[in-house]
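Take a look at the structure below.
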Amino acid sequence: MPRVKPEYFESKKALIVNAALEVCKRKTISSITMQDIIDETGLSQGGIYRFYKNIDEILVQVLNRIRTEQDTYERMMQMYAIRAEELENARRIENEEEARQSRRKVLVSIIKDYMMILAESMEKYLYPHTKIEMEFLMLAHDYPERAGRIFNNVVPYKSAYPQLYKEVMRECEDGCLLPKVSIDEFFSYHSAVYQGIIKKAISKTCYEKNAKHNEQYIYDFKSRTTTMFYSCCFFLGLEGELEEQDRMD
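Numbering (the working numbering) for the sequence shown: 44 to 292.
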């Protein structure tokens, strides 16, 4: 018999993962079965098990796919590279008060850019990417052992969040920032609000919209993240710079 080329196996595996993504749009992660994937691909039971031993192996590749397709981390790091240079320039200003004001203005710009990238990414990747990721977290809560086996084989999640933490901490340590709450409390708040926006968006846009077949429903990400931006500036004590930027805009 002729030898099967590696490209054949890769194309079949891609077909299976594509089918799994389609199933994920209709069903929750925890309820998907191997039979669902078999039905979606049109492959025989023996055919699909030739490539994946079980449903969790397929779900690993689904999560890998959605993580590698998103460009949020790359966009964040590009933004930080530009703003980091601006911060360094501000730190080199000889006049102490002028340097402080300049650094605070750059921080406002960093937070604003950060929020806008989050909003655009949520809008772009909410369905099905973020919906699927959220359901994986629910799976981890309900079936921790199973989730552990899946997550141990998934590409690590890249986050630009530590970079924001690093910049804020440095400005606090230098006395440039005088936050109204502790930095740990601020970031806990930030994370909770962000997750709340995502959960609400998924609930409304992915579940209620589909259930009611309301294609006109649009969740306003930018409005929510703009409010989040203003509250972050308030807690970090950057109201003055925020008001100045609003006047300029």
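Virtual Cβ for every residue (Gly too), placed ideally from N, Cα, C.
Give the single residue among Gly85, Leu180 and Ile175 whose Cα lies nearest to the Cα of Tyr250. Ile175
Contact check, Val66 vs Ile59, beta carbons under 8 Å: no
Kindly indicate which residue of Gln144, Arg110 and Gln121 has the alpha-carbon position closest to the one of Lys201. Arg110
Tell me the rounded alpha-carbon separation between Leu221 and Leu279. 7 Å
If you compare alpha carbons, which of Glu129, Asp156, Tyr157 and Met158 is closest to Gln144? Glu129
With 16 other CB atoms within 10 Å as the buried threshold, where does Ala162 fall? buried
Is the beta carbon of Met119 sitting closer than 8 Å to the one on Ala203? yes
Measure how close the beta-carbons of Thr248 and Tyr170 come, nearest whole angstrom, since I'm counting them as under 8 Å. 7 Å
According to DSSP, simplified to helix, strand and coil, what is Pro171? helix
Under a three-way DSSP split, which group does Pro6 fall into? Given that the chain is displayed from residue 44 to residue 292, the structure contains no residue 6 and the question cannot be resolved.
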